[in-house]
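Colleague:
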Amino acid sequence: MEQRAWNFSAGPAAMPLEVLQQAAAEMSNWHGSGMGVMEMSHRGREFISIYEQAEADLRELLAVPPEFKILFMQGGGIAENAIVPLNLSRGGTMDFVVSGSWSQKSQKEAQRYGTSRVAASTEAGGFRHFPRPADWQLSERPSYVHVCTNETIHGVECQELPDLRALGCDAPLVIDFSSHVLSRPVDWSRVGLAFGGAQKNIGPAGVTLVVVREDLMGHALAVCPSAFDYALVAKNDSMFNTPPTYSIYMAGLTFQWLKRQGGVAEMERRNVAKAHLLYDFIDASGLYENRVAAADRSRMNVPFFLRDESLNGSFLEGARERGLLQLKGHKSVGGMRASIYNAIPLEGVQALVNYMREFEQKA
Ligand SMILES: *Cc1c(COP(=O)(O)O)cnc(C)c1O
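First residue of the sequence shown: 2, per my numbering; consecutive thereafter.
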């Protein structure tokens, strides 16, 4: 392929071309240092400046209040499914809102570290909507309540963070925002901890963001590995062990790119427009369908089906020929999925819609 394609992968996913080009230009000699970022000590002044800039930019972009620490960890969202219970369960009950595959995985993994309950689940209905907070069956005094705010596989997004206090619950809310971080603002007054891997909406795999309220740290179970103890990681500014330096650098370049675009408010405007374009087209078509309740549809991950599934192969083949890549749906759901993260502009979604229309007319 001579040109860059429109890449709809769910993750690792498309990154802004400007970011990749800047990284390429700086690959072997960062800012006249005579070294590439991969070759720098994480304790040297060059990398420390990269790290501090990335942290400051993320704090600004997401308007993270001072009482929250930002940690750059390893292990991805799946490791956080263990690390969160190890740090926050304190021997109590953990409540989970099961709205798709990812929150279900989190709930199951937590069972290894304590009592993990399903407070709500939409599994019986095939994960087609986000469970309404008024219907959640919360424990008396949970250690925390876990919500996956964007279900990457089922395409279900929590559009407004639940206010646990309004539900009579004092526990901290834990959110897995892996696949929509930086696509919309976060109301930190409702959150105790947020985590997310970088490879969906930020940069390369290898770095996991954890944003945690300070008072929640320092209560890890005795078995918690030191490298995963939030208090120790925070005390050492994410350098308790060697952090994923290159991934942090790439994430930092993306943060700078986001600031140049106009920040999270501007990304949200674009993401709303992109999602509208695609969902409106799907809803109006006779061939394609999306099965998620309209109010709970993800702006980032759009699973869709061809009503005639025998056309799936030729749909994907034709898409590939036009440079529309990685549209095959997750194996557990089938059909197609278009992930339209921050790095995909409206133009990319328009190219997809044009192809889908053309394919339908020929079908
Ligand atoms: C991708 C993803 C994960 C898992 O991330 P890994 O980096 O593979 O551990 C967890 N939660 C959500 C919502 C995801 O999209």
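Where is the CB? At the ideal position from N, CA and C, for every residue including glycine.
What is the residue span of the alpha helix (DSSP H) that residue 106 lies within?
Modeller: Its alpha helix (DSSP H) spans residues 102–111.
Colleague: Return the CA-CA distance between residue 181 and residue 22, expressed in angstroms with no decimal places.
Modeller: Computed Cα separation, rounded: 24 Å.
Colleague: Going by alpha carbons, who is nearest to residue 5 out of 18, 168 and 12?
Modeller: For the residues 18, 168 and 12, the minimum Cα distance to residue 5 belongs to 18.
Colleague: Cβ of residue 297 within 6 Å of any heavy atom in ligand 1?
Modeller: Residue 297: no, Cβ never under 6 Å from ligand 1.
Colleague: Measure the C-alpha to C-alpha separation of residue 33 and residue 251 and round it to an integer number of angstroms.
Modeller: One C-alpha to the other measures close to 18 Å.
Colleague: Name the one or two DSSP bridge partners that residue 365 has.
Modeller: Given a span of 2 to 364 for the chain in the structure shown, any question on residue 365 remains unanswerable.
Colleague: Quick check: the Cα distance between residue 15 and residue 122, rounded to an integer number of angstroms?
Modeller: If you take the alpha carbons of residue 15 and residue 122, they lie about 31 Å apart.
Colleague: Quick one, which of 56, 143, 127 and 129 has its alpha-carbon nearest residue 119's?
Modeller: Closest by alpha carbon: 143.
Colleague: Mind checking residue 275: buried by the 16 CB within 10 Å criterion, or exposed?
Modeller: With 16 or more Cβ atoms within 10 Å of its Cβ, residue 275 is classed as buried.
Colleague: What is the DSSP secondary structure of residue 240, counted as helix, strand or coil?
Modeller: Coil.
Colleague: Could you give the DSSP three-state label for residue 221: helix, strand or coil?
Modeller: It is coil, neither helix nor strand.
Colleague: Here's the rule: buried if 16 or more other CB atoms are within 10 angstroms of the residue's CB, otherwise exposed. What is residue 287?
Modeller: Exposed.
Colleague: Here's the rule I'm using: 16 or more other beta-carbon atoms within 10 Å means buried, otherwise exposed. How should residue 362 be labelled?
Modeller: Exposed is the call here.
Colleague: Count the other C-beta atoms from every protein chain shown that fall within 10 angstroms of the C-beta of residue 177, then say buried if there are 16 or more, exposed otherwise.
Modeller: By the 10 Å Cβ count, residue 177 comes out buried.
Colleague: Tell me, please, which residues DSSP counts as bridged to residue 121.
Modeller: Paired residues: 98.
Colleague: Near residue 213, what residues of its chain come up, given a Cβ to Cβ distance below 6 Å and the 5 sequence neighbours on each side ignored?
Modeller: Closer than 6 Å at the Cβ level, and outside the excluded window around residue 213, lie 70, 194 and 231.
Colleague: Are residue 91 and residue 220 touching if we call contact CB-CB under 7 Å?
Modeller: Yes, the pair counts as a contact, with Cβ atoms nearer than the cut-off.
Colleague: State yes or no: is the C-beta of residue 304 within less than 7 Å of the C-beta of residue 156?
Modeller: Yes, they are a contact pair.
Colleague: Cα separation between residue 127 and residue 342?
Modeller: Spanning the two alpha carbons is a distance of roughly 24 Å.
Colleague: Determine the DSSP secondary structure at residue 273, reduced to helix, strand or coil.
Modeller: DSSP places residue 273 in helix when its eight states are reduced to three.
Colleague: Would you give the residue range spanned by the alpha helix (DSSP H) that residue 48 belongs to?
Modeller: Residue 48 -> alpha helix (DSSP H) spans 46–63.
Colleague: Select from 292, 331, 29 and 165 the residue whose C-alpha is nearest the C-alpha of residue 102.
Modeller: Of the listed residues, the one whose Cα sits closest to residue 102 is 331.
Colleague: To which residues of the same chain is residue 233 closer than 6 Å at the C-beta, ignoring the five residues directly before and after it?
Modeller: Closer than 6 Å at the Cβ level, and outside the excluded window around residue 233, lie 227 and 241.
Colleague: Using only alpha-carbon positions, find the residue among 40, 344, 7 and 62 that is nearest to residue 205.
Modeller: Nearest C-alpha to residue 205: 344.
Colleague: Could you spell out where the beta strand (DSSP E) holding residue 355 opens and where it closes?
Modeller: Note, residue 355: premise wrong, no beta strand (DSSP E); alpha helix (DSSP H) at 347–363.
Colleague: Return the CA-CA distance between residue 300 and residue 153, expressed in angstroms with no decimal places.
Modeller: Going from the Cα of residue 300 to the Cα of residue 153 covers about 10 Å.
Colleague: Quick check on residue 66: buried or exposed, where buried means 16 or more other Cβ atoms within 10 Å of its Cβ?
Modeller: The residue is exposed, with fewer than 16 neighbouring Cβ atoms inside 10 Å.
Colleague: Tell me whether residue 86 sits in a helix, a strand or coil according to DSSP, three-state version.
Modeller: Residue 86 falls in the helix class under three-state DSSP.
Colleague: What are the partner residues of residue 72, as DSSP defines its beta bridges?
Modeller: In the DSSP output, where bridge partners are listed per residue, residue 72 has 211.
Colleague: In the DSSP output, what is residue 66 paired with across the bridge?
Modeller: DSSP, once it has assigned bridges, lists no residue as partnering residue 66.
Colleague: Leaving out the 5 sequence neighbours to the left and right, which residues in its chain are closer than 8 Å to residue 336 when beta-carbon positions are compared?
Modeller: Same-chain partners within the cutoff: 304, 305, 306, 307, 310, 313 and 330.
Colleague: Look up residue 289 in the DSSP assignment and give the residues it is bridged to.
Modeller: DSSP output for residue 289 lists 307 as bridge partner(s).
Colleague: Buried or exposed, going by whether 16 or more other CB atoms sit within 10 Å of the CB of residue 168?
Modeller: Looking at its Cβ environment, which holds fewer than 16 other Cβ atoms inside 10 Å, residue 168 is exposed.
Colleague: Is any non-hydrogen atom of ligand 1 found closer than 6 Å to the C-beta of residue 177, if you look at the structure I gave you?
Modeller: At least one heavy atom of ligand 1 is nearer than 6 Å to the Cβ of residue 177, so yes.
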